[in-house]
Amino acid sequence: MMEDETFTDISGKAISLSCQDHSSLCKEFVVSVPKVSIGKVMVYTCCVWLLAYVVFFFTENTAVLSSAIFITLVGMMLHIHFVKVDHETLLFIGSLGIQLSSSYASGRETTTFIEMGKIKDIVINEAIYMHQIIYYLCVLLKDPSEPNAVARVVPLFQSSKPRLNCLVKVYKSCQEILSKC
Amino acid sequence: MGQRRRAAAVNNSSSQGTSAAPAEAAGIPNRKHNICMVSDFFYPNMGGVESHIYQLSQCLIEKGHKVVIVTHAYGRRKGVRHLTNGLKVYYLPLQVMYNQSTATTCFHSLPLMRCVFVRERITVVHAHSSFSAMGHDALFHAKTMGLTTVFTDHSLFGFADVSSVLTNKLLTVSLCDTNHTVCVSYTSKENTVLRAALNPEIVSVIPNAVDPTDFTPDPSQRQDDRITIVVVSRLVYRKGIDLLGGIIPVLCHKHPDLQFLIGGEGPKRLVLEEVREKYQLHDRVRLLGALEHKDVRNVLVQGHIFLNTSLTEAFCMAILEGASCGLQVVSTRVGGIPEVLPEELITMCEPTVRALCAGLETVIARQRSASVPSPASIHARVQNLYTWRNVAERTEKVYDRAAGEEVLPLDKRLRRLRAHCGPVAGSIFAFIAVLDFLFLLFLQWWAPDQVMDAAVDATGPNGLWKEAGGEIRANSKSAVKRAAEPEMSIL
Numbered sequence: 001m002m003e004d005e006t007f008t009d010i011s012g013k014a015i016s017l018s019c020q021d022h023s024s025l026c027k028e029f030v031v032s033v034p035k036v037s038i039g040k041v042m043v044y045t046c047c048v049w050l051l052a053y054v055v056f057f058f059t060e061n062t063a064v065l066s067s068a069i070f071i072t073l074v075g076m077m078l079h080i081h082f083v084k085v086d087h088e089t090l091l092f093i094g095s096l097g098i099q100l101s102s103s104y105a106s107g108r109e110t111t112t113f114i115e116m117g118k119i120k121d122i123v124i125n126e127a128i129y130m131h132q133i134i135y136y137l138c139v140l141l142k143d144p145s146e147p148n149a150v151a152r153v154v155p156l157f158q159s160s161k162p163r164l165n166c167l168v169k170v171y172k173s174c175q176e177i178l179s180k181c
Numbered sequence: 001m002g003q004r005r006r007a008a009a010v011n012n013s014s015s016q017g018t019s020a021a022p023a024e025a026a027g028i029p030n031r032k033h034n035i036c037m038v039s040d041f042f043y044p045n046m047g048g049v050e051s052h053i054y055q056l057s058q059c060l061i062e063k064g065h066k067v068v069i070v071t072h073a074y075g076r077r078k079g080v081r082h083l084t085n086g087l088k089v090y091y092l093p094l095q096v097m098y099n100q101s102t103a104t105t106c107f108h109s110l111p112l113m114r115c116v117f118v119r120e121r122i123t124v125v126h127a128h129s130s131f132s133a134m135g136h137d138a139l140f141h142a143k144t145m146g147l148t149t150v151f152t153d154h155s156l157f158g159f160a161d162v163s164s165v166l167t168n169k170l171l172t173v174s175l176c177d178t179n180h181t182v183c184v185s186y187t188s189k190e191n192t193v194l195r196a197a198l199n200p201e202i203v204s205v206i207p208n209a210v211d212p213t214d215f216t217p218d219p220s221q222r223q224d225d226r227i228t229i230v231v232v233s234r235l236v237y238r239k240g241i242d243l244l245g246g247i248i249p250v251l252c253h254k255h256p257d258l259q260f261l262i263g264g265e266g267p268k269r270l271v272l273e274e275v276r277e278k279y280q281l282h283d284r285v286r287l288l289g290a291l292e293h294k295d296v297r298n299v300l301v302q303g304h305i306f307l308n309t310s311l312t313e314a315f316c317m318a319i320l321e322g323a324s325c326g327l328q329v330v331s332t333r334v335g336g337i338p339e340v341l342p343e344e345l346i347t348m349c350e351p352t353v354r355a356l357c358a359g360l361e362t363v364i365a366r367q368r369s370a371s372v373p374s375p376a377s378i379h380a381r382v383q384n385l386y387t388w389r390n391v392a393e394r395t396e397k398v399y400d401r402a403a404g405e406e407v408l409p410l411d412k413r414l415r416r417l418r419a420h421c422g423p424v425a426g427s428i429f430a431f432i433a434v435l436d437f438l439f440l441l442f443l444q445w446w447a448p449d450q451v452m453d454a455a456v457d458a459t460g461p462n463g464l465w466k467e468a469g470g471e472i473r474a475n476s477k478s479a480v481k482r483a484a485e486p487e488m489s490i491l
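Residue numbers (full-length UniProt numbering), protein chains in the order written: chain R, 1 to 181; chain S, 1 to 491.
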């Protein structure tokens, strides 16, 4: 079973959440962010090149122009490889644990796994982020020495930053699984 | 009228706010406000303003209003925290400049403050303390955003020196278009009205209160073979510690069974230590150093007489605490002190060593002849004089009145500023108000209101806060109840 829904992120851009029920104890949530728009790439490229042209106009040094091309290319590559995330996946398997993976625009993927024994709870929390105050979903990890304390907080969907209604949906499904284990 | 109101309020709280019918039937406006208290001073910092904000907020929550508190970050304590009964506190990461007061540029705090006001659906912004730059900032932004504003002044101020002239000018600017101002005593009202050139009709007096359950008498702690005079205050010039230094040797010389117990810390500690050395009074003058709030009562109950030597005071909480512990109170007649306690519970003297000594002598004589009322009877009288519930009730009326008034639109606000604050300062601040408005328009374009998630109410009419283990009211909101758990806020 699979369902797709559209939500917005904290800055108002559309994102989509797809939930996949593999079984009653195994669910997968994928938050997808729209791909890099060609317009945005054009705007950034034009800005760098215009700036370079202004500098070239005064210095009359062609190295400026070639370095501008170089900067745009490298910047773009770094951006899609390290910054731009296309999908963020949360795979929750009751009795086993949580797998978090994010796939970057370049195709690179990073994955972390948190085993069930370490998970204390999943909650929605509030934080001050840049100039605003946002809700975010996070996993609380147990402190091995103290059973009631929280050792660490792992925020989920860090790059897509969905809004509260989306978080609540994911939260409820996760709590369903947690209550069954 | 007050009695009727109180009865209705009790009625309403007994039905747990599930229906507002009883209060409305009595023809009483029962409007619920979303209140945002703003001040630089809040816990973990300790002091009168801090406890005032906390206690007032708790009582307003009890009355069914929604209350959030905004303050600046204290060390590692930043982000969003929840206190007892779902009182939400925002510790915003703003730079502290001087004396726990934030730096003000009039603009940099707007994005975060706007975010708080919008997501909490705030209707009334209530700033505290004229020393708090953050409070003035919040008032400024709230007026730009068209919210009702209330300000509480907690201190008296002079008129003569350069710093007070400047502060008074800023206060004039800040208060000239604020909807309502609250002072803690009539003396403080007079002072504020003069300093800020206000219309006295928009200034109310609501005194402070003490929690009588915190300050109960315990005569068994007293030493019955001696008479103990207790002083609890910060050891600074304003509190008249130099007078205390003059009183101690005179009285100790006359009465061999007299001892002093002095709690508090400050630069004037040196004066007292000097006196102690000079007259060899080590066994009779004990300096306890800084006291934590919970220890104050344990010190107070050891004494027979409470002495307050303040030179200026808007509303003296200390004498109220002393009286609540059943002590005989001797105080200087300054500021708002004569308003605080009824004549028979306090002995007031002029702020000179001779007058204070004479006052103390009469009280000591009365104490020796055992013609003083018992501590329990003093406590019983003070107990009902000043309660936080009463303060909250009166503050609620101020909110009701302020909410009914018009918030000045920009053009009228500019005219008011220029008419009220002089041609130079008025024009400067009118210009800043325009810039603030433009900045707000920019922010509304950049991060529109509808993109911000409304915060889930912990308190107020739709409050979801329940004691641990309680059943959650609405199932669909259960997620967010958990979010309201006091977890740490990171990022």
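Glycine included, C-beta positions come from ideal geometry on N, C-alpha and C. All values derive from a computational prediction rather than experimental measurement.
Does chain S have any CB closer than 9 Å to the CB of residue 134/R? For the purposes of this step, residue 134/R is taken as residue 134 along the first sequence, with counting starting at 1. Cβ-Cβ to chain S under 9 Å: yes for residue 134/R.
For residue 66/S, tell me which candidate among 434/S, 324/S, 31/S, 452/S has the shortest Cα-Cα distance. Position 66 of the second sequence, counted from the start, is the residue given in the question as residue 66/S. Residue 31/S is the option with its Cα nearest to residue 66/S.
What is the rounded straight-line gap between the Cα of residue 218/S and the Cα of residue 83/S? Position 218 of the second sequence holds residue 218/S. Position 83 of the second sequence holds residue 83/S. Taking the straight line from one Cα to the other gives about 30 Å.
Report the partner residues of residue 316/S according to the DSSP bridge assignment. Position 316 of the second sequence, counted from the first residue, corresponds to residue 316/S. For residue 316/S, which the question treats as bridged, DSSP gives no partner whatsoever.
Going along chain S in order, which residues have a C-beta closer than 7 Å to the C-beta of residue 173/R? On the first sequence, residue 173/R is found 173 positions in, with the first residue counted as 1. Chain-order list of chain S residues neighbouring residue 173/R: empty, with the shortest C-beta distance near 11 Å, by a criterion of under 7 Å.
Contacts around residue 106/S, its chain only, beta-carbon distance under 7 Å, and the 5 residues preceding and following it disregarded: Within the second sequence, numbered from 1, the residue matching residue 106/S stands at position 106. The answer, listed in chain order, is 137, 140, 432, 436.
Are the Cβ atoms of residue 248/S and residue 305/S separated by less than 9 Å? For the purposes of this step, residue 248/S is taken as the residue at position 248 of the second sequence. For the purposes of this step, residue 305/S is taken as the residue at position 305 of the second sequence. It is not a contact, given that the beta carbons lie outside the stated cut-off.
Would the beta-carbon of residue 238/S fall within 9 Å of that of residue 443/S? Working through the second sequence from its first residue, we reach residue 238/S at position 238. Working through the second sequence from its first residue, we reach residue 443/S at position 443. Cβ atoms of residue 238/S and residue 443/S: not closer than 9 Å.
For residue 12/R, go through chain S and note every residue whose CB falls closer than 9 Å to its CB, in chain order. Mapped onto the first sequence, residue 12/R falls at position 12. What residue 12/R touches in chain S, judged by beta-carbon distance under 9 Å, is 447, 448, 450, 451, going in chain order.
Would you mind reading off the limits of the beta strand (DSSP E) that contains residue 503/S? With chain S represented from 1 up to 491, any question about residue 503/S goes unanswered, as that position is not in the structure.
If the cut-off is 8 Å on Cβ atoms, which residues from the UniProt domain "PIGA GPI anchor biosynthesis" (72 to 161) of chain S count as contacting chain R, listed in chain order? Correct list: 78, 79, 80, 90, 92, 93, 111, 112, 115, 116, 119.
Please list, in chain order, the residues of the segment 159 to 171 of chain R that have any C-beta partner in chain S closer than 7 Å. Within the segment 159 to 171 of chain R, the residues whose Cβ lies closer than 7 Å to some Cβ of chain S are 163, 164, 168, 171, listed in chain order.
My output table needs one value for residue 539/S: the three-state DSSP class, helix, strand or coil. Look at the range of chain S in this structure, 1 to 491, and you will see that residue 539/S is not part of it.
Measure the C-alpha to C-alpha separation of residue 466/S and residue 210/S and round it to an integer number of angstroms. In the second sequence, counting from the first residue as 1, residue 466/S sits at position 466. In the second sequence, counting from the first residue as 1, residue 210/S sits at position 210. Rounded to the nearest angstrom, the gap between the Cα atoms of residue 466/S and residue 210/S is 27 Å.
The alpha helix (DSSP H) with residue 426/S in it runs from where to where? What you label residue 426/S is simply residue 426 of the second sequence in a count that begins at 1. Unbroken alpha helix (DSSP H) run through residue 426/S: 423 to 446.
Using the beta-carbon count (16 or more within 10 Å), is residue 112/R buried or exposed? Numbered from its first residue, the first sequence carries residue 112/R at position 112. In the assembly as shown, residue 112/R is an exposed residue. Its beta-carbon has fewer than 16 other beta-carbons within 10 Å.
Bridge partners of residue 88/S, per DSSP? Translated into the one-based positions of the second sequence, residue 88/S becomes position 88. By DSSP's assignment, residue 88/S forms a beta bridge with 68/S, 82/S.
Do residue 207/S and residue 391/S have their CB atoms nearer than 9 Å? The count along the second sequence starts at 1 and reaches residue 207/S at position 207. The count along the second sequence starts at 1 and reaches residue 391/S at position 391. Yes.
Less than 9 Å between CB atoms is the rule here; does residue 456/S satisfy it with respect to chain R? Taking the first residue of the second sequence as 1, we reach residue 456/S at position 456. At a cut-off of 9 Å between C-beta atoms, residue 456/S counts as an interface residue with respect to chain R.
Starting from the Cα of residue 101/S, find the closest Cα among 77/S, 68/S, 135/S and give me that residue. Residue 101/S sits at position 101 when you count from the first residue of the second sequence. Put simply, of 77/S, 68/S, 135/S the residue whose alpha carbon is nearest the alpha carbon of residue 101/S is 135/S.
Mind checking whether residue 185/S and residue 205/S have CB atoms under 9 Å apart? One-based indexing of the second sequence puts residue 185/S at position 185. One-based indexing of the second sequence puts residue 205/S at position 205. In this structure, residue 185/S sits near residue 205/S, with a CB-CB distance shorter than 9 Å.
Give me the chain S residues within the contact set of residue 79/R, using Cβ-Cβ distance strictly less than 9 Å, ordered along the chain. For the purposes of this step, residue 79/R is taken as residue 79 along the first sequence, with counting starting at 1. Going along chain S, no residue has its Cβ under 9 Å from residue 79/R, so there is no contact; the nearest lies around 22 Å.
At which residues does the beta strand (DSSP E) containing residue 97/S begin and terminate? As a first step, residue 97/S is located in the second sequence; it is residue number 97 there, counting from the start. Per DSSP, residue 97/S is one residue of the beta strand (DSSP E) stretching across 96 to 98.
Express the C-alpha separation of residue 236/S and residue 271/S in angstroms, rounding to a whole number. Position 271 of the second sequence, counted from the first residue, corresponds to residue 271/S. Position 236 of the second sequence, counted from the first residue, corresponds to residue 236/S. Straight-line measurement puts the Cα of residue 236/S at about 10 Å from the Cα of residue 271/S.
Could you pull the start and end residues of the beta strand (DSSP E) that residue 37/S belongs to? Taking the first residue of the second sequence as 1, we reach residue 37/S at position 37. Under the DSSP assignment, residue 37/S falls in the beta strand (DSSP E) whose first and last residues are 34 to 38.
Report yes if the C-beta distance between residue 91/S and residue 77/S is below 9 Å; otherwise report no. Here the question's residue 91/S lines up with position 91 in the second sequence. Here the question's residue 77/S lines up with position 77 in the second sequence. For residue 91/S and residue 77/S, yes; Cβs fall inside 9 Å.
Distance between beta carbons of residue 95/R and residue 181/R, contact taken as under 8 Å: Taking the first sequence and counting its residues from 1, the one referred to as residue 181/R is at position 181. Taking the first sequence and counting its residues from 1, the one referred to as residue 95/R is at position 95. With 8 Å as the limit, residue 181/R and residue 95/R qualify as a contact, their Cβ atoms being about 6 Å apart.
Beta-carbon contacts of residue 179/R that lie in its chain and below 8 Å, excluding the five residues immediately before and after: In the first sequence, the residue the question calls residue 179/R occupies position 179. In its own chain, leaving out the 5 sequence neighbours on each side, no residue places its CB closer than 8 Å to the CB of residue 179/R.
For residue 59/R, decide whether its Cβ has a neighbour in chain S, counting only Cβ atoms nearer than 9 Å. Along the first sequence, read from residue 1 onward, the residue named residue 59/R stands at position 59. No, no contact with chain S.
Is the segment 62 to 73 of chain R touching the segment 131 to 150 of chain R, taking contact as three or more C-beta pairs under 8 Å? Not touching, per the Cβ criterion.
Taking residue 261/S as the reference, which of 254/S, 233/S, 324/S has the closest Cα? What you label residue 261/S is simply residue 261 of the second sequence in a count that begins at 1. Of the listed residues, the one whose Cα sits closest to residue 261/S is 233/S.
Is the beta carbon of residue 129/S sitting closer than 9 Å to the one on residue 39/S? As a first step, residue 129/S is located in the second sequence; it is residue number 129 there, counting from the start. As a first step, residue 39/S is located in the second sequence; it is residue number 39 there, counting from the start. Taking 9 Å as the cut-off, the Cβ atoms of residue 129/S and residue 39/S count as close.
Under the three-state reduction of DSSP, which class applies to residue 103/R: helix, strand or coil? Within the first sequence, residue 103/R is the residue found at index 103, counting from 1. Secondary structure of residue 103/R (DSSP, three-state): strand.
Using the Cβ count rule (16 or more neighbours within 10 Å means buried), how would you classify residue 450/S? Taking the first residue of the second sequence as 1, we reach residue 450/S at position 450. Residue 450/S is exposed by the Cβ-count criterion.
Opposing strand residues paired with residue 295/S [DSSP bridges]: The residue labelled residue 295/S in the question sits at position 295 within the second sequence. In the DSSP output, where bridge partners are listed per residue, residue 295/S has none listed.
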